[in-house]
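Number of protein chains: 2
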Amino acid sequence: GLSMNTFESPVSFSKLKQGPDGLVPVIVQDYKTSEVLMMAYMNELAFEATLETGKMHYYSRSRKSQWLKGETSGHFQYVKSLYSDCDNDTLLAKVAQVGAACHTGSRSCFFNNLVKKEYDDTNPLMVFEDVYQVILDRKANPKE
Amino acid sequence: GLSMNTFESPVSFSKLKQGPDGLVPVIVQDYKTSEVLMMAYMNELAFEATLETGKMHYYSRSRKSQWLKGETSGHFQYVKSLYSDCDNDTLLAKVAQVGAACHTGSRSCFFNNLVKKEYDDTNPLMVFEDVYQVILDRKANPKE
Chain A
6 GLSMNTFESP
16 VSFSKLKQGP
26 DGLVPVIVQD
36 YKTSEVLMMA
46 YMNELAFEAT
56 LETGKMHYYS
66 RSRKSQWLKG
76 ETSGHFQYVK
86 SLYSDCDNDT
96 LLAKVAQVGA
106 ACHTGSRSCF
116 FNNLVKKEYD
126 DTNPLMVFED
136 VYQVILDRKA
146 NPKE
Chain B
6 GLSMNTFESP
16 VSFSKLKQGP
26 DGLVPVIVQD
36 YKTSEVLMMA
46 YMNELAFEAT
56 LETGKMHYYS
66 RSRKSQWLKG
76 ETSGHFQYVK
86 SLYSDCDNDT
96 LLAKVAQVGA
106 ACHTGSRSCF
116 FNNLVKKEYD
126 DTNPLMVFED
136 VYQVILDRKA
146 NPKE
């Protein structure tokens, strides 16, 4: 089950290389399937609220305010792990995603396919996910 | 084997929502293991060069110039697929990574672990990767 967790980071937000707007981009990945779900931005308060509550908080550049992901939708993201990259200007969060990450209802925000070379998806968890989506679709739209 | 590929995108770069610097962030993911390797930025020329050559090109914000990933290291990234997100301001690239994505020699740039809750990694490809890293380490540092 999903329970409340509080984290402490050995690195404070001020040690991260922030953009000119004081923000750091955060890549959000499903901790089980490794699917990339979305990208968002954190300021210092959002970073601290994330560690304190174990739930992902962001700073909305359009609304210019802090934002608890899932506050209105219920689609919370529970922190499993946080990483920074080699030059400390980007964060990677692995999360347990409740429901859909995207406000469109899609599990991932990255659903616009621009180009694709033919290849087999070798991530077994994603193969299962694909089959599961077909099953859900067939249930909703039965075929003779 | 890895061969030259040319792509055409149904969406031109100008349709993407660029930052004030004319750049779009690109999340780069291993197309097989789904590991997130790095994040970088593209301008229009880098986007077009990527489609034309099938190899990831970026714009370096520090060097203020276009950059073919792997040009000096040989660590090219061959494009397998490209996605944009729901609001078209971020790209996700799935690539075949030659060697290491990170200039430090690490396969992924996200090696600084800030916080982690105990959980089993359920991505079988990453479990194998972890075991493989232990084998390499034991070879380099034999134990009695």
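Line by line, the protein sequences are chains A and B.
Using the numbering used here, the first residue of the first sequence is number 6, and each one after it goes up by one.
Using the numbering used here, the first residue of the second sequence is number 6, and each one after it goes up by one.
For every residue, glycine included, the Cβ atom is placed at its ideal position computed from N, Cα and C.
If you're wondering where the values come from, they're calculated on a predicted model, not measured in any experiment.
Open item on the list: Output needed for residue 72 of chain A: all residues of its chain with C-beta closer than 6 Å, excluding positions within five of it in sequence on either side, in chain order.
Closed with: In the first sequence, residue 72 of chain A corresponds to position 67, counting from 1. Result list for residue 72 of chain A: 63, 65, in chain order.
Task: Burial state of residue 148 of chain A, where buried means 16 or more other Cβ atoms lie within 10 Å - done: For the purposes of this step, residue 148 of chain A is taken as residue 143 along the first sequence, with counting starting at 1. Under this definition residue 148 of chain A is an exposed residue.
TODO: Answer with yes or no whether the minimum CB distance from residue 49 of chain B to chain A is below 9 Å.
DONE: Position 44 of the second sequence, counted from the first residue, corresponds to residue 49 of chain B. Taking Cβ atoms only, chain A never reaches closer than 9 Å to residue 49 of chain B, which makes this a no.
TODO: Out of A/144, A/36, A/115, state which residue places its alpha-carbon closest to the alpha-carbon of residue 103 of chain A.
DONE: Position 98 of the first sequence holds residue 103 of chain A. Among A/144, A/36, A/115, the Cα nearest to that of residue 103 of chain A is on A/36.
TODO: Select from the segment 75-92 of chain B all residues with a C-beta closer than 9 Å to any C-beta belonging to chain A, and list them in chain order.
DONE: 83, 84, 85, 86, 87, 88, 89, 90, 91, 92
Task: Nearest-angstrom Cα separation, counted from residue 89 of chain A out to residue 32 of chain B - done: Walking along the second sequence from the start, residue 32 of chain B turns up at place 27. Walking along the first sequence from the start, residue 89 of chain A turns up at place 84. Cα-Cα distance, rounded: 14 Å.
Open item on the list: Strictly by DSSP, which residues pair up with residue 35 of chain B?
Closed with: As a first step, residue 35 of chain B is located in the second sequence; it is residue number 30 there, counting from the start. Its beta-bridge partners are B/100.
Open item on the list: Quick check: the segment 13-24 of chain A against the segment 8-20 of chain B, are at least 3 beta-carbon pairs closer than 8 Å?
Closed with: no
Task: Three-state class that DSSP yields for residue 65 of chain B in the structure shown - done: Numbered from its first residue, the second sequence carries residue 65 of chain B at position 60. Residue 65 of chain B falls in the strand class under three-state DSSP.
Open item on the list: Taking DSSP's pairing of strands, which residues face residue 83 of chain A in a bridge?
Closed with: Within the first sequence, residue 83 of chain A is the residue found at index 78, counting from 1. According to DSSP, residue 83 of chain A bridges with A/60, A/101.
Task: Inter-residue spacing [alpha-carbon to alpha-carbon] between residue 95 of chain A and residue 141 of chain A - done: Along the first sequence, read from residue 1 onward, the residue named residue 95 of chain A stands at position 90. Along the first sequence, read from residue 1 onward, the residue named residue 141 of chain A stands at position 136. The straight-line gap from Cα to Cα measures roughly 35 Å.
Task: residue 6 of chain A - DSSP class collapsed to helix/strand/coil - done: As a working mapping, residue 6 of chain A is identified with position 1 in the first sequence. Note that residue 6 of chain A has pLDDT 47, beneath the 50 cutoff, so the model's placement of it is unreliable and no number is given.
Open item on the list: Checking 9 Å against the spacing of the C-beta atoms, do residue 12 of chain B and residue 50 of chain B come in under that value?
Closed with: Translated into positions along the second sequence, residue 12 of chain B becomes position 7. Translated into positions along the second sequence, residue 50 of chain B becomes position 45. No.
Open item on the list: Which residues in chain B have a C-beta closer than 8 Å to the C-beta of residue 118 of chain A? List them in chain order.
Closed with: Start at 1 with the first residue of the first sequence, and residue 118 of chain A comes out as number 113. Ordered by position in chain B, the residues that pass the 8 Å Cβ test against residue 118 of chain A are 86, 87, 88.
TODO: For my contact list, residue 84 of chain B and residue 122 of chain A are in at a C-beta cut-off of 8 Å; report their separation, rounded to the angstrom.
DONE: In the second sequence, residue 84 of chain B corresponds to position 79, counting from 1. In the first sequence, residue 122 of chain A corresponds to position 117, counting from 1. The pair is a contact, with the Cβ atoms about 7 Å apart (cut-off 8 Å).
Open item on the list: Taking the beta carbon of residue 6 of chain B as the centre, do at least 16 other beta carbons fall within 10 Å, making it buried, or is it exposed?
Closed with: In the second sequence, counting from the first residue as 1, residue 6 of chain B sits at position 1. With a pLDDT of 47 at residue 6 of chain B, under the threshold of 50, the modelled position of this residue cannot be trusted; read the value that follows with caution. By the 10 Å Cβ count, residue 6 of chain B comes out exposed.
TODO: Look at residue 119 of chain B and residue 42 of chain A and say whether their C-beta atoms are less than 9 Å apart.
DONE: Numbered from its first residue, the second sequence carries residue 119 of chain B at position 114. Numbered from its first residue, the first sequence carries residue 42 of chain A at position 37. Cβ distance not < 9 Å, so residue 119 of chain B and residue 42 of chain A don't count as in contact.
Task: C-alpha distance - residue 40 of chain A paired with residue 47 of chain A, whole-angstrom precision - done: Residue 40 of chain A sits at position 35 when you count from the first residue of the first sequence. Residue 47 of chain A sits at position 42 when you count from the first residue of the first sequence. One C-alpha to the other measures close to 20 Å.
Open item on the list: 9 Å is my cut-off, CB to CB: does residue 146 of chain A come that close to chain B?
Closed with: As a working mapping, residue 146 of chain A is identified with position 141 in the first sequence. Answer no: the Cβ-Cβ gap between residue 146 of chain A and chain B never drops below 9 Å.
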